[in-house]
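Structure first, commentary second.
In our numbering, the protein residues as written are 12 to 119.
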């Protein structure tokens, strides 16, 4: 998957460079400096919980995933809520749900 991601990045970068050559008026689409971050192994017994939320006109959605020190998925969840939400409100709901999921899997 890393090779595939690298290949996609190189194609997008080439397209961006070609666009810049033929359209020098507009700023580049892709950043020139690529910041590579690698996943760092967690200490034994430590878990990583990732969550995110998205807001649309009349609903919000969120997702939660819990991984152990080896990156193995222990659990997670997702849901949608109808209604109008601020982005910060949706992120707070996702945080609350991630705590509930952690409690369910005895991570806390």
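Where is the CB? At the ideal position from N, CA and C, for every residue including glycine.
Residue burial classification, residue i (beta-carbon count within 10 angstroms, cutoff 16)
i, result
"residue 77", "buried"
"residue 96", "buried"
"residue 105", "buried"
Of the listed residues the options, nearest to residue i (C-alpha basis)
i, options, result
"residue 85", "115, 17, 52", "115"
"residue 70", "20, 22, 110, 90", "90"
"residue 73", "16, 87, 19, 58", "87"
"residue 56", "110, 106, 111, 81", "81"
"residue 75", "20, 18, 108", "108"
"residue 99", "24, 16, 64, 54", "64"
"residue 68", "53, 20, 93, 49", "93"
For residue j and residue i, the rounded distance between their alpha carbons
i, j, result
"residue 101", "residue 26", "35 Å"
"residue 14", "residue 51", "19 Å"
"residue 20", "residue 103", "32 Å"
"residue 66", "residue 111", "21 Å"
9 Å Cβ cutoff met for residue i and residue j
i, j, result
"residue 62", "residue 79", "no"
"residue 16", "residue 60", "no"
For residue i, the residue or residues it bridges with in DSSP
i, result
"residue 112", "DSSP output for residue 112 lists no bridge partner at all."
"residue 59", "78"
"residue 70", "93"
"residue 84", "78"
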